[in-house]
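*Asks:* Just dropping this structure here.
In my numbering, the protein residues as written are 108 to 436.
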């Protein structure tokens, strides 16, 4: 059986519906910031320490749930996005078997999807920390409609914020005594989880689910590109191809092959979907090749359908990655 099969029709349907909410409808955004990002070496400094404030725990479907907030280490975010929101799920009894920060996918607002998907792991004794992405949900700027970010610079800021907030939360967890730590996510969340693992110097498990080495083909060639009006993005010239090329150059700055593998690549589990119309299977293969000793698993599903039909496999990837991390290394 070939690794990659024909795109799942549900992916095509989802892309057609999603294109109504255009990405980057207000253009490139802060040009000075985009130039600064292109010239800088990101993630060289550790984010400032955080001290999350937690709500009183409540019981929800047999789990102990607490909501927390902390100031984002990335001060350049829009005012509405500068407070990070995180939900903590735990079994509430017995010692923790480890802690995992789980990042959100593209346009995924709130915590309900990840709660449903990964609750079995919390019931097994893993502590899960679900971060809300900057510019989504409780952190959405005034005037933004849903998860369709208005400018390219907003998207870059969101991605930088995701990584810095995950790094800061992982450092806090390590300081609280959690020796066995991991980071995970699906789609964009999986890609940003992989980037987090690449820039954290300590041992860290990572489950990169439906993610690849580079975001460039996702935004410029795959089904997600249907949501971008490239001709309008280019401005008065209306040159769609030039806009596509420029967007690729900006997003290629975060290509994972530009970064070293995580400290323990053997604690990395990658999951690819054989019928994925959003993330090319070749990109997951490229990440697997760049991370020696990582494990690559395939599921026979599309990008959208895997969220519903392959939950056991996605949970297993997180569980197994955390079991492999050597906290003493």
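Positions of the beta carbon are idealized from the N, C-alpha and C atoms, including for glycine.
#1: Leaving out five residues on either side along the sequence, give the residues of the same chain with a beta carbon under 7 angstroms from the beta carbon of residue 217.
#2: Could I get the ranges of all uninterrupted alpha helix (DSSP H) runs contained in the region 164-235, with 4 residues as the minimum, in chain order?
#3: Between which two residues does the beta strand (DSSP E) carrying residue 288 extend?
#4: Smallest Cα separation from residue 139: which of 198, 170, 260 and 232?
#5: Can you tell which of 254, 410, 320 and 359 has its C-alpha closest to the C-alpha of residue 120?
#6: What separation, rounded to the nearest whole angstrom, lies between the Cα atoms of residue 172 and residue 391?
#7: Would you please state the rounded distance, in angstroms, between the beta carbons of residue 224 and residue 418? I believe it to be under 8 angstroms.
#8: Considering only residues of the same chain and omitting the five flanking positions on each side of residue 108, which have a CB-CB separation below 6 angstroms?
#9: Under DSSP, the beta strand (DSSP E) around residue 315 begins and ends at which residues?
#10: Could I get the ranges of all uninterrupted alpha helix (DSSP H) runs contained in the region 331-387, with 4 residues as the minimum, in chain order?
#11: So who's on the other strand from residue 237, going by DSSP bridges?
#12: For the beta strand (DSSP E) containing residue 405, name the first residue and the last one.
#13: What's the C-alpha gap between residue 383 and residue 248?
#14: Which residue wins for smallest C-alpha separation from residue 288, given the options 233, 330 and 205?
#15: Just how far apart, CA to CA, sit residue 174 and residue 191?
#16: Please go through the same chain and pick out, in chain order, the residues whose beta-carbon is closer than 7 angstroms to the beta-carbon of residue 349, but skip the five residues on each side of it.
#17: Give the straight-line distance between the Cα atoms of residue 115 and residue 282, rounded to the nearest whole angstrom.
#18: Work out the CA separation of residue 176 and residue 427 for me, nearest whole Å.
#19: Express the C-alpha separation of residue 408 and residue 415 in angstroms, rounding to a whole number.
#20: On the DSSP bridge list, what partners appear for residue 161?
#21: Taking contact to mean 3 or more Cβ pairs, one atom from each stretch, closer than 8 angstroms, check whether the region 294-311 and the region 228-237 are in contact.
#22: Between the alpha carbons of residue 161 and residue 351, how many angstroms are there, rounded?
#23: Out of 303, 126 and 378, state which residue places its alpha-carbon closest to the alpha-carbon of residue 361.
#24: Ordered along the chain, which non-local residues of its own chain (more than five positions away) have a Cβ less than 7 angstroms from that of residue 184?
#25: Give the single residue among 413, 165, 239 and 315 whose Cα lies nearest to the Cα of residue 189.
#26: Quick one, are the C-beta atoms of residue 286 and residue 208 less than 8 angstroms apart?
#27: Which class does residue 256 belong to by DSSP, given the choice of helix, strand or coil?
#28: Buried or exposed for residue 186, going by 16 or more other Cβ atoms inside 10 Å?
#29: Would you mind reading off the limits of the alpha helix (DSSP H) that contains residue 321?
#30: Give the single residue among 330, 215 and 199 whose Cα lies nearest to the Cα of residue 126.
#31: Which residues in the same chain as residue 234 place their Cβ atom closer than 6 angstroms to its Cβ, once the five residues preceding and following it in sequence are excluded?
#32: Give me the Cα-Cα distance between residue 406 and residue 412, rounded to the nearest whole angstrom.
*Replies:* Answer, in terms of the structure:
#1: 244
#2: 219-230
#3: 288-293
#4: 260
#5: 410
#6: 33 angstroms
#7: 5 angstroms
#8: Confidence at residue 108 is low in this model, with a pLDDT of 34, below 50, so the placement of that residue is unreliable and no value is reported for it.
#9: 312-316
#10: 337-340 and 347-358
#11: 194 and 209
#12: 402-406
#13: 31 angstroms
#14: 205
#15: 11 angstroms
#16: 341
#17: 44 angstroms
#18: 29 angstroms
#19: 10 angstroms
#20: 175
#21: no
#22: 43 angstroms
#23: 303
#24: 241, 264 and 268
#25: 239
#26: no
#27: coil
#28: exposed
#29: Counting along the chain, residue 321 falls outside any alpha helix (DSSP H), and DSSP gives it neither H nor E.
#30: 330
#31: 197, 203 and 206
#32: 11 angstroms
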